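K.L.:
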Amino acid sequence: MKRGKGMKFVGDSRVPINNRKPNIPKDYSEYPGKTEAFYPDFLLKEWMVGAVFLIGFLCLVVVEPPPLERIADPTDTSYIPMPDWYFLFLYQLLKYSFASGPYNILGAFIIPGLAFTALLLAPFLDRGPKRRPLDRPFATGFMLLAICAIFYLTWEAAGHHDWEAAKKQGMIREVVEVDKEDPAYKILEANTCLSCHGGNLEGGSGPPLAGTKLSVDEIKDIAKNGKGSMPPGIFQGTDEELQQIAEFIKSIEK
Amino acid sequence: MLNKVYDWIDERLDITPLWRDVADHEVPEHVNPAHHFSAFVYCFGGLTFFVVVIQVLSGMFLSMYYVPDIERAWESVYYLQNQVAFGQIVRGMHHWGASIVIVMMFLHTLRVFFQGAYKKPRELNWIVGVLIFFVMLALGLTGYLLPWDMKALNATKVTLDIAQSTPLIGDMLKTLLSGDEHIVGAETLTRFFAIHVFFLPAALLGLIGLHFLMIRKQGISGPL
Numbered sequence: 001m002k003r004g005k006g007m008k009f010v011g012d013s014r015v016p017i018n019n020r021k022p023n024i025p026k027d028y029s030e031y032p033g034k035t036e037a038f039y040p041d042f043l044l045k046e047w048m049v050g051a052v053f054l055i056g057f058l059c060l061v062v063v064e065p066p067p068l069e070r071i072a073d074p075t076d077t078s079y080i081p082m083p084d085w086y087f088l089f090l091y092q093l094l095k096y097s098f099a100s101g102p103y104n105i106l107g108a109f110i111i112p113g114l115a116f117t118a119l120l121l122a123p124f125l126d127r128g129p130k131r132r133p134l135d136r137p138f139a140t141g142f143m144l145l146a147i148c149a150i151f152y153l154t155w156e157a158a159g160h161h162d163w164e165a166a167k168k169q170g171m172i173r174e175v176v177e178v179d180k181e182d183p184a185y186k187i188l189e190a191n192t193c194l195s196c197h198g199g200n201l202e203g204g205s206g207p208p209l210a211g212t213k214l215s216v217d218e219i220k221d222i223a224k225n226g227k228g229s230m231p232p233g234i235f236q237g238t239d240e241e242l243q244q245i246a247e248f249i250k251s252i253e254k
Numbered sequence: 001m002l003n004k005v006y007d008w009i010d011e012r013l014d015i016t017p018l019w020r021d022v023a024d025h026e027v028p029e030h031v032n033p034a035h036h037f038s039a040f041v042y043c044f045g046g047l048t049f050f051v052v053v054i055q056v057l058s059g060m061f062l063s064m065y066y067v068p069d070i071e072r073a074w075e076s077v078y079y080l081q082n083q084v085a086f087g088q089i090v091r092g093m094h095h096w097g098a099s100i101v102i103v104m105m106f107l108h109t110l111r112v113f114f115q116g117a118y119k120k121p122r123e124l125n126w127i128v129g130v131l132i133f134f135v136m137l138a139l140g141l142t143g144y145l146l147p148w149d150m151k152a153l154n155a156t157k158v159t160l161d162i163a164q165s166t167p168l169i170g171d172m173l174k175t176l177l178s179g180d181e182h183i184v185g186a187e188t189l190t191r192f193f194a195i196h197v198f199f200l201p202a203a204l205l206g207l208i209g210l211h212f213l214m215i216r217k218q219g220i221s222g223p224l
């Protein structure tokens, strides 16, 4: 290869070659030992590490499909929000009484702001020439403290979150349009059934009623006496109406 | 054949010094895991970059199907995940990559911090690195909204509430992010999409370029 020597250009206006910086690799005599050429020897090793990493990563991708909840519904205000896991420590901080409400500015801005500014300016806060962690106890100590705080807050946030309920509230539901002109539907509406079980009985904070496997009598029993977190006595209508809605619910196929 | 093509180009553009500047250097012993296994801690930075490459590539493929519109965003993601061949894999790579990149970056930051590698003359590179960290968190935040499912919408509402509680500029900041004073909807989605796909990646690539330039200029920090 000629490496660009002897180039002749028409109308050459470039800086002449003798003014260019010589292309000499960095002197690594300050780090004596078994140095290795980056290209191609070390690069190949890096690629092998990358390949092993990629295999592990793809195993994770194949085993755990990415989650997708039901389409955003701005009218559903009962949903309990949750940020992605790496924001949980900031989210948890905002739950403490000393960092929320009137002190929101402390939890949302001052504490994280101080921590992140200190991180950004670390080279100017820790200026000594010493590099070993034990030789700079303040830098090491504050960083260990921050790591402990992050882990603790994340742990607390994850522990207080009801993962089962979160899974249920986000599930993709198959919505089958029900006949909203049916008199039985009006009865359901009047007895506030729909506010928990959804306008198409597809479920909400309560379980879906569409496609239930229960018998008419069981539906009547639950409507009157409740079940789980549903208190008894929500249904206020007559026995005739009760029969009507039970048959209506039974008739809705999934 | 390849050599001839190379020579033809090199004769005209003198490209040899370009790649020599990037590739011609020695790797010192103390960062080479082949000599000291504990030097694997030096891999975290490179693996972070590797995941960034995965994110860019998978994101490019996702954008072939994704529609940033409140009526179609969720439908397009659902279609991608359930109908498109390997759509679930591509979306999975982008989803999990977003988490793994945070983990790798965290480890890389801790390695640099506890080794005191940010000290003179490498202060500027530390600052650029922390800025990359912030950009990455912002990418995670904006990307969370894009599937337009329940958790996306509700997490974004919380984020916007926090942004709104900023002293002095809170209302303006919220309007800037969500596109409206009150509504979190169509315009919020397009703004987050633009920020996630254009503004932040541009900033990220520029900062990563600076990060690497400074490493080449200064060399890696010496052994402890």
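Chains A and B supply the protein sequences, listed in that same order. In this text, residue positions in the first sequence follow the UniProt record's numbering: the first is 1, and each later residue adds one. In this text, residue positions in the second sequence follow the UniProt record's numbering: the first is 1, and each later residue adds one. Don't be surprised by glycine CBs; every beta carbon is placed ideally from N, CA and C. Quick caveat, the model's predicted, so the values are computed rather than measured.
1) Where does residue 149(B) fall in DSSP's three states?
2) Let me see if you follow: with CB-CB separation under 7 Å, is residue 236(A) close to chain B or not?
3) Using the Cα positions of residue 90(A) and residue 153(A), report the straight-line distance between them to the nearest angstrom.
4) Which residues, taken in chain order from the segment 64 to 80 of chain A, show a beta carbon closer than 9 Å to some beta carbon of chain B?
5) Going straight from the alpha carbon of residue 132(A) to that of residue 139(A), what length do you get?
6) Considering only the alpha carbon of each residue, which of 241(A), 84(A), 59(A) and 98(A) lies closest to residue 184(A)?
7) Please give me, in chain order, every unbroken run of the alpha helix (DSSP H) with length at least 4 that falls completely inside the UniProt domain "Cytochrome c" (179 to 253) of chain A.
8) For the segment 49 to 66 of chain B, which residues have a CB atom closer than 7 Å to at least one CB atom of chain A, in sequence order?
9) Any idea what DSSP makes of residue 2(A), helix, strand or coil?
10) Short of 7 Å in beta carbon distance, which residues of its chain neighbour residue 158(A), apart from the five on each side in sequence? Order them along the chain.
11) Is there contact between the segment 136 to 152 of chain B and the segment 167 to 177 of chain A, where contact requires at least three CB pairs shorter than 8 Å?
12) Taking DSSP as the reference, what is the three-state secondary structure of residue 27(B)?
13) Between 21(B), 6(B), 69(B) and 18(B), which has its C-alpha nearest residue 147(B)'s C-alpha?
14) Please classify residue 42(B): is it buried, with 16 or more other beta-carbons within 10 angstroms of its beta-carbon, or exposed?
15) Rounded C-beta distance between residue 210(A) and residue 252(A)? I'm assuming under 8 Å.
16) Closest by CA to residue 150(A), which one among 126(A), 120(A), 177(A) and 112(A)?
17) Anything in the segment 97 to 131 of chain A with a Cβ closer than 9 Å to a Cβ of chain B? List those residues in chain order, please.
18) For the 8 Å Cβ check, are there 3 or more pairs between the segment 190 to 199 of chain B and the segment 173 to 182 of chain B?
19) May I ask you to list, following chain order, the residues of the segment 164 to 185 of chain B that have a beta carbon less than 8 Å from some beta carbon of chain A?
20) Residue 12(B): buried (16+ other C-beta within 10 angstroms of its C-beta) or exposed?
21) Work out the CA separation of residue 15(B) and residue 6(B) for me, nearest whole Å.
22) Is it right to say residue 78(A) is buried, meaning 16 or more other beta carbons lie within 10 angstroms of its own, or is it exposed?
23) Under 7 Å Cβ-Cβ, which residues of chain A neighbour residue 126(B)?
24) Are the beta-carbon atoms of residue 34(A) and residue 25(B) separated by less than 7 Å?
25) Going by C-alpha to C-alpha distance, which of 45(B), 90(B) and 80(B) sits closest to residue 102(B)?
26) For residue 71(A), count neighbouring Cβ atoms within 10 angstroms of its own Cβ and tell me buried if that reaches 16, exposed if not.
27) Are there 16 or more other CB atoms within 10 angstroms of the CB of residue 44(A), so buried, or fewer, so exposed?
28) Whose Cβ in chain B lies nearer than 7 Å to the Cβ of residue 258(A)?
29) Does residue 37(A) come out as helix, strand or coil in the three-state DSSP assignment?
30) Nearest chain B C-beta to residue 35(A) closer than 7 Å, yes or no?
31) Please report the distance separating the alpha-carbon of residue 115(B) from that of residue 224(B).
32) Can you grab the Cα-Cα spacing for the pair residue 267(A) / residue 94(B), in whole Å?
33) For residue 160(A), which option in 93(A), 230(A), 32(A) and 245(A) has the closest C-alpha, if you only look at C-alpha atoms?
34) If you draw a straight line from the C-alpha of residue 216(B) to the C-alpha of residue 98(B), how long is it?
35) Tell me, please, which residues DSSP counts as bridged to residue 71(A).
P.N.:
Taking the geometry as given:
1) As a first step, residue 149(B) must be located in the second sequence, where it is residue number 149. Strand, per DSSP.
2) Position 236 of the first sequence, counted from the start, is the residue given in the question as residue 236(A). Output row for residue 236(A): interface = no.
3) Stepping through the first sequence from its first residue, residue 90(A) is reached at position 90. Stepping through the first sequence from its first residue, residue 153(A) is reached at position 153. About 8 Å.
4) Per Cβ criterion, the list reads 64, 65, 66, 67, 68, 69, 70, 71, 72, 73, 74, 76, 79 and 80.
5) Working through the first sequence from its first residue, we reach residue 132(A) at position 132. Working through the first sequence from its first residue, we reach residue 139(A) at position 139. Straight-line Cα distance between these residues: approximately 11 Å.
6) As a working note, residue 184(A) is residue 184 in the first sequence. By alpha-carbon distance to residue 184(A), the top candidate from 241(A), 84(A), 59(A) and 98(A) is 241(A).
7) 183 to 190, 193 to 197, 216 to 225 and 239 to 251
8) 50
9) Mapped onto the first sequence, residue 2(A) falls at position 2. Note that residue 2(A) scores 45 on pLDDT, short of 50, meaning its location in the model is unreliable; the coordinates nonetheless yield the value given after this. Three-state DSSP puts residue 2(A) in coil, outside helix and strand.
10) Position 158 of the first sequence holds residue 158(A). Taken in chain order, the residues that qualify are 88.
11) yes
12) As a first step, residue 27(B) is located in the second sequence; it is residue number 27 there, counting from the start. Strand.
13) In the second sequence, counting from the first residue as 1, residue 147(B) sits at position 147. The residue with the shortest Cα to Cα distance from residue 147(B) is 69(B).
14) In the second sequence, counting from the first residue as 1, residue 42(B) sits at position 42. Buried, because 16 or more other Cβ atoms sit within 10 Å of the Cβ of residue 42(B).
15) Reading the first sequence from its first residue, position 210 is the one you call residue 210(A). Reading the first sequence from its first residue, position 252 is the one you call residue 252(A). With a Cβ gap of about 5 Å, residue 210(A) and residue 252(A) count as contacting.
16) Locating residue 150(A) in the first sequence gives position 150, counting from the first residue. When each option's Cα is compared against that of residue 150(A), the closest is 112(A).
17) Against chain B - using a Cβ distance shorter than 9 Å - the residues of the segment 97 to 131 of chain A are 104, 105, 108, 109, 116, 119, 120, 121, 122, 123, 124, 126, 127, 128, 129, 130 and 131.
18) Yes, since at least three Cβ pairs between the segment 190 to 199 of chain B and the segment 173 to 182 of chain B fall closer than 8 Å, the two stretches touch.
19) 165, 166, 167, 184 and 185
20) Position 12 of the second sequence holds residue 12(B). Exposed, since its Cβ has fewer than 16 Cβ neighbours within 10 Å.
21) In the second sequence, residue 6(B) corresponds to position 6, counting from 1. In the second sequence, residue 15(B) corresponds to position 15, counting from 1. So the alpha carbons of these two residues sit roughly 9 Å apart.
22) Within the first sequence, numbered from 1, the residue matching residue 78(A) stands at position 78. By the neighbour-count definition (other C-beta atoms within 10 Å, threshold 16), residue 78(A) is an exposed residue.
23) Here residue 126(B) is taken as the residue at index 126 of the second sequence, counted from 1. Neighbours of residue 126(B) on chain A, chain order: 122 and 123.
24) Counting from 1 along the first sequence, the entry for residue 34(A) is found at position 34. Counting from 1 along the second sequence, the entry for residue 25(B) is found at position 25. Going by C-beta atoms, residue 34(A) is not nearer than 7 Å to residue 25(B).
25) For the purposes of this step, residue 102(B) is taken as the residue at position 102 of the second sequence. Cα-wise, what sits closest to residue 102(B) is 45(B).
26) The count along the first sequence starts at 1 and reaches residue 71(A) at position 71. Buried is the call here.
27) Within the first sequence, numbered from 1, the residue matching residue 44(A) stands at position 44. Burial call: exposed.
28) In the structure as shown, chain A starts at 1 and stops at 254, and residue 258(A) therefore has no counterpart that could be examined.
29) Counting from 1 along the first sequence, the entry for residue 37(A) is found at position 37. DSSP places residue 37(A) in strand when its eight states are reduced to three.
30) Position 35 of the first sequence, counted from the start, is the residue given in the question as residue 35(A). Yes, residue 35(A) counts as interfacial toward chain B.
31) Start at 1 with the first residue of the second sequence, and residue 115(B) comes out as number 115. Start at 1 with the first residue of the second sequence, and residue 224(B) comes out as number 224. Taking the straight line from one Cα to the other gives about 7 Å.
32) This structure cannot speak to residue 267(A), because chain A is shown only from 1 to 254.
33) Within the first sequence, numbered from 1, the residue matching residue 160(A) stands at position 160. Cα-wise, what sits closest to residue 160(A) is 93(A).
34) Looking up residue 216(B) in the second sequence gives position 216. Looking up residue 98(B) in the second sequence gives position 98. Between residue 216(B) and residue 98(B), the alpha-carbon positions lie close to 27 Å from each other.
35) Here residue 71(A) is taken as the residue at index 71 of the first sequence, counted from 1. Looking at the DSSP assignment, residue 71(A) forms a beta bridge with 149(B).
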